[in-house]
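Below is one structure, written out as C-alpha cells; the observations come after it.
There are 2 protein chains.
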Amino acid sequence: MKPYAATFGGAKVLVAGGLGFIGSNLALRLIELGARVTIVDSLDPDYGGNFANIAGDEPRLDVVVADLRDRERLPELVSGCRYVFNMAAQTGHVDSMRRPINDLEINAAAPLMLLEAVRAECPDAVVVYGSTRQIYGRPEYLPVDERHPLHPVDVNGVSKQAGEGFHTLYHQVYGLKTAILRLTNTYGPRMRIRDARQTFIGIWLRRVLEGDRFEVWGGQQQRDLAYVDDVVEAALLAAAVPAAHGRVFNIGGAPPLSLIDLANATIAANGGQGGFDIKEFPAERKSIDIGDYWADDNLFRRTTGWSPAVDLATGLKRSIDYYRANLARYL
Amino acid sequence: MKPYAATFGGAKVLVAGGLGFIGSNLALRLIELGARVTIVDSLDPDYGGNFANIAGDEPRLDVVVADLRDRERLPELVSGCRYVFNMAAQTGHVDSMRRPINDLEINAAAPLMLLEAVRAECPDAVVVYGSTRQIYGRPEYLPVDERHPLHPVDVNGVSKQAGEGFHTLYHQVYGLKTAILRLTNTYGPRMRIRDARQTFIGIWLRRVLEGDRFEVWGGQQQRDLAYVDDVVEAALLAAAVPAAHGRVFNIGGAPPLSLIDLANATIAANGGQGGFDIKEFPAERKSIDIGDYWADDNLFRRTTGWSPAVDLATGLKRSIDYYRANLARYL
Numbered sequence: 001m002k003p004y005a006a007t008f009g010g011a012k013v014l015v016a017g018g019l020g021f022i023g024s025n026l027a028l029r030l031i032e033l034g035a036r037v038t039i040v041d042s043l044d045p046d047y048g049g050n051f052a053n054i055a056g057d058e059p060r061l062d063v064v065v066a067d068l069r070d071r072e073r074l075p076e077l078v079s080g081c082r083y084v085f086n087m088a089a090q091t092g093h094v095d096s097m098r099r100p101i102n103d104l105e106i107n108a109a110a111p112l113m114l115l116e117a118v119r120a121e122c123p124d125a126v127v128v129y130g131s132t133r134q135i136y137g138r139p140e141y142l143p144v145d146e147r148h149p150l151h152p153v154d155v156n157g158v159s160k161q162a163g164e165g166f167h168t169l170y171h172q173v174y175g176l177k178t179a180i181l182r183l184t185n186t187y188g189p190r191m192r193i194r195d196a197r198q199t200f201i202g203i204w205l206r207r208v209l210e211g212d213r214f215e216v217w218g219g220q221q222q223r224d225l226a227y228v229d230d231v232v233e234a235a236l237l238a239a240a241v242p243a244a245h246g247r248v249f250n251i252g253g254a255p256p257l258s259l260i261d262l263a264n265a266t267i268a269a270n271g272g273q274g275g276f277d278i279k280e281f282p283a284e285r286k287s288i289d290i291g292d293y294w295a296d297d298n299l300f301r302r303t304t305g306w307s308p309a310v311d312l313a314t315g316l317k318r319s320i321d322y323y324r325a326n327l328a329r330y331l
Numbered sequence: 001m002k003p004y005a006a007t008f009g010g011a012k013v014l015v016a017g018g019l020g021f022i023g024s025n026l027a028l029r030l031i032e033l034g035a036r037v038t039i040v041d042s043l044d045p046d047y048g049g050n051f052a053n054i055a056g057d058e059p060r061l062d063v064v065v066a067d068l069r070d071r072e073r074l075p076e077l078v079s080g081c082r083y084v085f086n087m088a089a090q091t092g093h094v095d096s097m098r099r100p101i102n103d104l105e106i107n108a109a110a111p112l113m114l115l116e117a118v119r120a121e122c123p124d125a126v127v128v129y130g131s132t133r134q135i136y137g138r139p140e141y142l143p144v145d146e147r148h149p150l151h152p153v154d155v156n157g158v159s160k161q162a163g164e165g166f167h168t169l170y171h172q173v174y175g176l177k178t179a180i181l182r183l184t185n186t187y188g189p190r191m192r193i194r195d196a197r198q199t200f201i202g203i204w205l206r207r208v209l210e211g212d213r214f215e216v217w218g219g220q221q222q223r224d225l226a227y228v229d230d231v232v233e234a235a236l237l238a239a240a241v242p243a244a245h246g247r248v249f250n251i252g253g254a255p256p257l258s259l260i261d262l263a264n265a266t267i268a269a270n271g272g273q274g275g276f277d278i279k280e281f282p283a284e285r286k287s288i289d290i291g292d293y294w295a296d297d298n299l300f301r302r303t304t305g306w307s308p309a310v311d312l313a314t315g316l317k318r319s320i321d322y323y324r325a326n327l328a329r330y331l
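The listed protein sequences correspond, in order, to chains P and X. Those letters in the first sequence? Residues 1 to 331, by UniProt numbering. Those letters in the second sequence? Residues 1 to 331, by UniProt numbering.
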C-alpha cells in the first residue's frame, strides 16, 4: 500500500495548471485516490492546457478557467484546501527570452500570489511547487544534486528561482508546508505535442505519428527523462510525507542518454517506423542551452521512498499508444 | 584626476529613482561632471523620492515623474543613453512582507523592463544596478564576500536576487554592459528620515534633530555603514571601468560597529545632544532580521581603485548639518 493511500481520500485539493501536462495527470490520479479536486488553468494557447487531457473525467472534476495572476480569484480557489499543487508554468526557454515579463509574472508573481492566498485562507495546507532543473544553468558537475550552484541561463531560470525562493521563504517565515520539486525533462501522455514549446519530445512524437522525420538539435547532449506517472507519484509523496516539507528536491528519472539515443529509442517504441535528421542548434537556442544534465535525486528517494517505476522504453511506448489513439485532439 | 573625469561629460544619462536618496546624490554629481541627466522617479509616497533632494538644481535636470512599471514610457527614457543607473527600489524589509507583489514588481519586473528597453534602444549603454546585501540573508561568515551563498530571508531579498539575475543574464546572453552593486546600509544627506522605511538611521537623525529620544532595536548587531558620496563614487566607477561590467560587487563602508556604538556616534555628531532607548525587536521584524553583517568589498576596490573616503564621524556630522538646514522639507 502506498504511504499516502489514505491521505488524499476526501481531501479538497487544488491543482493549478491542472489542464496541462503534469497537472492533468496529477488531477486524474488524485480523483482515483478519492480527493475532491479543483483544477484551475488559464488555457493560454501557448502553454499546455487542453481539455482533451481530462476527456471523460470532466464530471469528477471542478474546473475553473482562470489565470493565477488574477489574484482576486485565488482566495476562493484555495479556501478549505488541504493540498495545493502548483503545476502552472511557462516552461519555454526561448519563449521566456522573447516575452520575459510574461515569464516572470507566470513563474514568480503568480506563485507568490498563490502563497499569499494559502497563508490567508488555508495556512495548514501543503503546497507542492513544480520547479525545474533549468535554474542550475549549465552543470558544473554531474549528476547535479541540490547543492549545485544556481546559475540560470535564461529568464525562465531566473523567474523559477524566484518562485522557489518565495516557497522557501514562506516556509521559514510563516511555517507554510511547502515542497519544491526540481523536475527534469518530463514526458508522457497529455504533454503538448503540437510544437516544441513544452518539450522537444512532444514534437518528435507528433512527427513520428504523422509519418514525418523529426529534427534532433545537436544530439550529443546527455539528458535524463522522467515519465509523467513517476513525477505524479513524486508530487503526491512530496505532499504526503512531512519530512519533505520546507525542502527542495531534484526529481530525475531514467538513466541519462544522448538525444540521438533517445531519438532511436523513440523510433524503436514506434515499431521501428520513423527517422530523424541531426541539425545545428539555432543561434537563439544555443545561447541559452545548458548542455548535459542529469539529476542526483537520492535526497528525495531517501526522504520519501520514491523511485521511478517506468523505464524509458515502456514510457515511450505508452506515450505513442496514447497519442496514436488521441492524435487529433493534440494538433 | 578621477579615472572617469572625461567619461560623463556631455553623455546622456538616465538615473532611475533619481529623486530618491542615492539616485538624487548621483544625479547631482553627474551634472557636476557635465552629464546630461534625465531623472525618472515614481514619487511613490512610501519610498524615497522627494523634490527637496534636487532643490535649486531643477533647471539642470530633466525630471520625468513616471513608474518604471509603466513600460511604454521606457524606450523614450533610455533612447540615446550611454549610462543608465537604476537606483529605483522598494527597500523596506517589513514592507516587502506586507506587500510582496509590489516588491516583486518594483525590484524584479521593473528592472527587467528597463533591461529590455536598453537592449532595444541603447544596447551599448552601461547599466548599473543598485542591489542589496539583503540577498545574502543571515551571514554564514564575516566579512561577507561575493561568493557567500544567497539565502534571502524576506521577499525583498528574493525579488532583488531576481533583479540581479536578469542583469547577469542580459550581460551573458546579449552582451549588455551591466554592473551590480550590493550595497550595505547607506546613509547621508537626502535619505528619507520621516520614518524607518528606508533606513533606521533616517528616523534616528530626525529624532535627534527634533530633540526626541530614538529607539535602538536590539543594539548588539554589527553593521558597516556606507556614506552616500562613497556609494555615488562606486556607482560612477562601476559605470566607467570596463573591467567592472558583467560583474557583481559588494560595496561596504566604514569598519563595522554595533548599533549601540552607532547610536552613540550619532549623538556625538550632534554635539552630544540626544539620547536613545534600547528596545526588543518587534516580532515581525525579528523573523526577517539578518543579524551581523559587514562586507568584504576588496573585489570592487581591486577592480576599480575605489575606496571609501568619508569616515563615520564626518558622514554623520554632514548628515546632521544637512537635515538641520533642511528639516522641514523631509518631514
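Note that the Cβ used here is the ideal one computed from N, Cα and C, for glycine as well.
{"Query": "Would you check if the distance between the CB atom of P/G253 and the CB atom of P/Y227 is smaller than 8 Å?", "Result": "yes"}
{"Query": "Taking 8 Å as the threshold (beta carbon to beta carbon), is X/D67 in contact with chain P?", "Result": "no"}
{"Query": "Given a cut-off of 8 Å, decide if X/V40 and X/L77 are closer than it, judged by their beta-carbon atoms.", "Result": "yes"}
{"Query": "Taking a cut of 9 Å between CB atoms, which residues from the stretch 204 to 224 of chain P lie near chain X?", "Result": "none"}
{"Query": "Can you tell me the Cβ-Cβ gap for X/R194 and X/L331, rounded? I've got them flagged as a contact below 8 Å.", "Result": "6 Å"}
{"Query": "Should X/M1 be flagged as near chain P, meaning a C-beta pair shorter than 8 Å?", "Result": "Note that X/M1 has pLDDT 46, beneath the 50 cutoff, so the model's placement of it is unreliable and no number is given."}
{"Query": "Tell me, please, whether the CB atom of P/D154 is closer than 8 Å to any CB atom in chain X?", "Result": "yes"}
{"Query": "With DSSP run on the structure shown, which of helix, strand or coil describes X/E121?", "Result": "helix"}
{"Query": "What residue from X/G10, X/G130, X/E164, X/H151 has the CA that sits closest to X/T186's CA?", "Result": "X/G130"}
{"Query": "Along chain P, which residues have their Cβ under 7 Å away from the Cβ of X/E116?", "Result": "P100"}
{"Query": "Starting from P/D277, follow the beta strand (DSSP E) in both directions and report where the run begins and ends.", "Result": "276 to 279"}
{"Query": "Measuring only the C-alpha atoms, how far is X/P255 from X/D224?", "Result": "6 Å"}
{"Query": "Do X/A162 and P/V158 have their beta-carbon atoms positioned less than 8 Å apart in this structure?", "Result": "yes"}
{"Query": "According to the neighbour-count rule (16 or more other Cβ atoms, all chains shown, within 10 Å of its Cβ), is P/E116 buried or exposed?", "Result": "buried"}
{"Query": "Looking at chain P, is there any beta carbon in it that lies within less than 8 Å of the beta carbon of X/V158?", "Result": "yes"}
{"Query": "From the DSSP secondary-structure annotation, give me the bridge partner or partners of X/V65.", "Result": "X/D41"}
{"Query": "May I ask you to list, following chain order, the residues of the stretch 265 to 297 of chain P that have a beta carbon less than 8 Å from some beta carbon of chain X?", "Result": "S287, I288"}
{"Query": "So X/D198 and X/S258 are supposed to be a Cβ contact under 8 Å. How far apart are they, rounded?", "Result": "Checking the displayed sequence, the identity of residue 198 of chain X turns out to be Gln instead of Asp. Not a contact, Cβ separation roughly 21 Å."}
{"Query": "Any beta carbon from chain X within less than 8 Å of P/Q90's own beta carbon?", "Result": "no"}
{"Query": "Mind the definition here: the stretch 81 to 94 of chain P touches the stretch 81 to 99 of chain X only if three or more C-beta pairs lie below 8 Å; say whether that holds.", "Result": "no"}
{"Query": "Determine the direct distance from the alpha carbon of X/R329 to that of X/E105, and round the result to whole angstroms.", "Result": "29 Å"}
{"Query": "Per DSSP, which residues does X/S258 bridge with? Please list them.", "Result": "X/Q222"}
{"Query": "Assuming P/D154 and X/L169 are in contact, meaning their beta carbons sit under 8 Å apart, how far apart are those beta carbons, in whole angstroms?", "Result": "7 Å"}
{"Query": "Mark P/D70 as exposed unless 16 or more other C-beta atoms lie within 10 angstroms of its C-beta, in which case mark it buried.", "Result": "exposed"}
{"Query": "Evaluate contact between the stretch 275 to 286 of chain P and the stretch 122 to 139 of chain P, counting only Cβ atoms and requiring at least three cross-stretch pairs below 8 Å.", "Result": "no"}
{"Query": "Would you kindly report the start and end of the unbroken alpha helix (DSSP H) that includes P/S159?", "Result": "155 to 174"}
{"Query": "Residues in the same chain with beta-carbon distance under 7 Å from P/A235, minus the five sequence neighbours each way, listed in chain order, please.", "Result": "L26, F85, V128, L181"}
{"Query": "Could you check what DSSP says for X/S79 in three-state terms: helix, strand or coil?", "Result": "coil"}
{"Query": "Output needed in chain order: residues of the stretch 171 to 197 of chain X with a Cβ under 8 Å from some Cβ in chain P.", "Result": "Q172, V173"}
{"Query": "Give the residues of chain P in contact with X/Q134, contact being defined as C-beta atoms less than 7 Å apart.", "Result": "Per Cβ cutoff of 7 Å: no residues; X/Q134 is ~12 Å from chain P at best."}
{"Query": "I'd like the span of the beta strand (DSSP E) that includes P/S131, first residue to last.", "Result": "126 to 132"}
{"Query": "For the alpha helix (DSSP H) holding X/F300, just list the boundary residues, first then last.", "Result": "298 to 304"}
{"Query": "Quick check: X/A268 and X/V216, are their CB atoms within less than 8 Å of each other?", "Result": "no"}
{"Query": "Evaluate contact between the stretch 302 to 322 of chain P and the stretch 272 to 280 of chain P, counting only Cβ atoms and requiring at least three cross-stretch pairs below 8 Å.", "Result": "no"}
{"Query": "Quick one: list the residues of chain X neighbouring P/M87, beta-carbon separation under 9 Å, in chain order.", "Result": "Ordered by position in chain X, no residue passes the 9 Å Cβ test against P/M87, which lies about 21 Å from the chain."}
{"Query": "With a 10 Å radius around its C-beta and 16 neighbouring C-beta atoms as the bar for buried, classify P/P149 as buried or exposed.", "Result": "exposed"}
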